[in-house]
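Just below is one structure, and these are the notes that go with it.
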Amino acid sequence: MKPTILSRSLKEIEDICVQLGKPKFHARQLHDWIWKKFQLDPNKMTNLSLDFRNSISEYFSFSPLELVKVQDSADGETKKFLWRLHDSALVESVLIIAPDRKTVCVSSQVGCPARCAFCASGKKGLIRNLSWEEIVAQVMLIQSHIQEQNEMVTNIVYMGMGEPMKNYEEMVKSVRILIDPNFLGFSQRRVTVSTVGVVEGIRRFAHEGLKVNLVLSLHAPNQVVRQKIIPYARQYALEDILSAMDEYFAVTKRDITYEYTLLEGINDEVEHAQELVKLLRGKQCTVNLIPYNPIPGIRLKRPSAERIEAFREVLNNAYVVNTCRYTKGVDIAAACGQLALQEGEPALRVINQ
Ligand code: SAH
176 MKPTILSRSL
186 KEIEDICVQL
196 GKPKFHARQL
206 HDWIWKKFQL
216 DPNKMTNLSL
226 DFRNSISEYF
236 SFSPLELVKV
246 QDSADGETKK
256 FLWRLHDSAL
266 VESVLIIAPD
276 RKTVCVSSQV
286 GCPARCAFCA
296 SGKKGLIRNL
306 SWEEIVAQVM
316 LIQSHIQEQN
326 EMVTNIVYMG
336 MGEPMKNYEE
346 MVKSVRILID
356 PNFLGFSQRR
366 VTVSTVGVVE
376 GIRRFAHEGL
386 KVNLVLSLHA
396 PNQVVRQKII
406 PYARQYALED
416 ILSAMDEYFA
426 VTKRDITYEY
436 TLLEGINDEV
446 EHAQELVKLL
456 RGKQCTVNLI
466 PYNPIPGIRL
476 KRPSAERIEA
486 FREVLNNAYV
496 VNTCRYTKGV
506 DIAAACGQLA
516 LQEGEPALRV
526 INQ
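So for the sequence shown, this note's numbering puts the first residue at 176; every next one is plus one.
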């Protein structure tokens with residue numbers, strides 16, 4: 176397999192130019208095509224000679240992802256991208272379109288080790304980690320797709336398939352490339368990493384010198400209910416996870432968000448809301464409530480609007496800042512993992528059951 180050109184620095188590409196007997200300035204042109212224009216198709220790098228493009232393509236691959244399909248939601252608010260990787264594995268990204276922002280939800284792994292009861296991504300466990308190039312290319316290719324309509328990706332969330340903290344090194348590298356002004360140059364405030372609660376990962380992340388947003392997928396006000404929803408939660412005590420989140424806040428000063436997927440009869444009682452208020456007392460945070468988005472074959476229910484309002488009222492009365500996000504793109508199965516699941520998985524060994 177050829178290495179990807181994405182992993183080469185400008186200096187390395189200059190050296191390659193010299194070896195190929197080409198002028199050094201071709202390296203800057205190539206670098207700009209990739210990192211300023213998000214062009215991963217050498218055929219479209221029209222100011223570079225065909226000869227140069229052919230020589231480089233002999234040694235390097237350009238795009239680590241091949242687009243299999245794009246699905247638009249009927250309301251026009253989400254687009255789902257399904258990608259095939261070099262080993263035929265499938266992953267997906269979602270573009271969430273709002274008037275003031277275009278958010279790309281990236282995958283960090285093929286499959287997921289967390290196996291949350293309500294999520295399709297982890298149904299077959301973890302298949303493999305994505306490389307930082309495979310993570311970053313999701314953003315670049317979507318940017319390249321929407322810039323034809325004069326749109327720009329404004330925000331990135333690590334909320335697609337996978338557990339970012341379980342692909343720690345590559346996830347952190349991908350974040351650094353996203354925010355590096357020489358590469359994609361996103362503001363750190365516009366990058367959000369979401370975790371199921373991997374204590375050592377969160378603590379380490381606090382000391383990376385980064386100031387990106389961090390979200391914890393909490394989903395329950397206590398350990399017992401949490402373990403019912405997230406089998407993976409057995410590995411960490413909830414209090415340890417919350418103290419790791421506090422550490423992230425103390426070091427980075429970035430507000431913390433707690434995601435809470437509401438599942439009827441499991442975590443949506445008024446008593447759960449009261450317990451949640453106690454759990455989060457004194458924390459500077461936002462609770463993001465997400466009514467469960469039904470997935471075929473999963474026997475869970477989205478609570479009624481009345482139950483959701485009753486839950487919110489408890490939070491509001493206790494001044495717990497909260498938002499309620501009705502998952503977008505229900506008609507195109509935009510909940511994590513659904514599209515790749517529908518397409519059928521390649522015959523890869525499933526690890527980390
Ligand atoms: N592993 C990371 C990143 C995945 S993001 C994490 O757990 O945070 C996962 C988020 O997607 C969850 O917080 C949940 O809010 C959302 N999600 C996944 N499937 C969903 C569904 N069927 N309905 C509603 N939200 C869902």
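Cβ coordinates follow ideal geometry from the N, Cα and C atoms, glycine included.
Between the options, which lies nearest to residue i when the distance is taken from Cα to Cα?
i: Gln363; options: Val387, Val371 and Val347; result: Val387
i: Ser263; options: Ser230, Ala289, Ser182 and Val285; result: Val285
i: Arg217; options: Ser238, Phe200 and Lys197; result: Residue 217 is actually Pro in this sequence, not Arg. The shortest C-alpha separation from Pro217 is found at Ser238.
i: Lys403; options: Leu265, Val314 and Arg290; result: Arg290
i: Arg351; options: Glu383, Gln322, Leu223 and Ser369; result: Glu383
i: Thr498; options: Asn468, Leu475 and Asn463; result: Asn463
i: Asp207; options: Asn222, Cys294 and Leu195; result: Asn222
i: Asn357; options: Phe213, Thr179 and Val245; result: Phe213
i: Ser418; options: Gly472, Thr436 and Gly457; result: Gly457
i: Asn325; options: Val368, Lys277, Glu344 and Ala292; result: Lys277
i: Glu344; options: Arg379, Gln322 and Val371; result: Arg379
i: Leu260; options: Asp247, Leu185, Val269 and Val243; result: Val243
i: Ser319; options: Arg474, Leu215 and Val445; result: Leu215
i: Ile431; options: Thr370, Glu481, Lys186 and Ala202; result: Thr370
i: Asp226; options: Arg203, Cys192, Lys211 and Asp247; result: Cys192
i: Asp355; options: Phe200, Arg203, Ile188 and Trp210; result: Trp210
i: Leu385; options: Leu181, Thr367 and Gln398; result: Thr367
i: Ala381; options: Pro469, Glu481, Leu353 and Glu422; result: Glu422
i: Ala485; options: Gln459, Leu195, Lys199 and Val445; result: Val445
i: Glu233; options: Leu195, Lys219, Lys199 and Gln204; result: Leu195
i: Leu413; options: Gln398, Phe424 and Met420; result: Gln398
i: Tyr494; options: Arg303, Gln459, Leu353 and Pro471; result: Gln459
Do residue j and residue i come within 9 Å of each other at the CB atom, strictly closer than that value?
i: Arg477; j: Glu439; result: yes
i: Leu359; j: Val311; result: yes
i: Ile465; j: Val400; result: no
i: Asn342; j: Leu305; result: yes
i: Val496; j: Thr461; result: yes
i: His394; j: Glu338; result: no
i: Val266; j: Glu309; result: yes
i: Gln313; j: Phe361; result: no
i: Ile405; j: Ser392; result: yes
i: Phe235; j: Lys197; result: no
i: Cys280; j: Cys287; result: no
i: Met336; j: Val373; result: no
i: Ile121; j: Lys254; result: Because the chain in this structure spans residues 176 to 528, residue 121 falls outside the shown range and cannot be described.
i: Ser283; j: Ser349; result: yes
Residues in its own chain within less than 8 Å of residue i by CB, not counting five upstream and five downstream?
i: Arg365; result: Thr329, Asn330 and Ile331
i: Met220; result: Gln204, Leu205, Trp208, Gln214 and Arg228
i: Ile483; result: Leu437, Asp443, Leu464, Pro466 and Cys499
i: Ile473; result: Ala292, Phe293 and Ala295
i: Lys428; result: Lys386
Which same chain residues, not among the five before or five after residue i, have their C-beta less than 7 Å away from its C-beta?
i: Pro396; result: His447, Glu450, Leu451 and Leu454
i: His201; result: Cys192, Leu223 and Phe227
i: Ser182; result: Glu308
i: Asp190; result: none
i: Asp415; result: Val374
i: Pro469; result: Arg477
i: Pro471; result: none
Here's a check: name, in chain order, each residue in its chain whose Cβ is nearer than 6 Å to the Cβ of residue i, leaving out the five neighbours to either side.
i: Ala522; result: Residue placement at Ala522 cannot be trusted, given a pLDDT of 33 that sits under 50; what the coordinates show is reported in the next sentence. Closer than 6 Å at Cβ, skipping near neighbours: no residue.
i: Thr179; result: Ser236, Pro239 and Glu308
i: Thr436; result: Phe293, His394, Ile465 and Tyr467
i: Ala408; result: Arg401 and Gln402
i: Leu475; result: Phe293, Leu438 and Tyr467
i: Thr241; result: Reading off the sequence shown, one finds Glu at residue 241, where the question assumed Thr. Contacts found: Arg259.
i: Gln528; result: Here Gln528 scores only 28 on pLDDT, less than 50, and its place in the model should not be relied on; the value that follows carries that caveat. Gly300.
i: Lys186; result: none
i: Tyr411; result: Gly372 and Val374
i: Ser184; result: none
i: Lys199; result: Glu189 and Cys192
i: Ala480; result: none
i: Met334; result: Cys280 and Ser369
Does the ligand FMN have a heavy atom nearer than 8 Å to the CB of residue i?
i: Ile470; result: In the structure on display, the ligand FMN does not appear, and the ligands it does have are the ligand SAH.
Beta-carbon of residue i versus every beta-carbon of chain B: anything under 9 Å?
i: Ser248; result: Although the question refers to chain B, the structure presented lacks it and comprises just one protein chain.
Count the CB pairs spanning the stretch 485-499 and the stretch 448-458 that are closer than 8 Å, and state whether there are at least three. yes
For the stretch 284-298 and the stretch 322-333, state whether three or more C-beta atom pairs, one from each stretch, are separated by less than 8 Å. no
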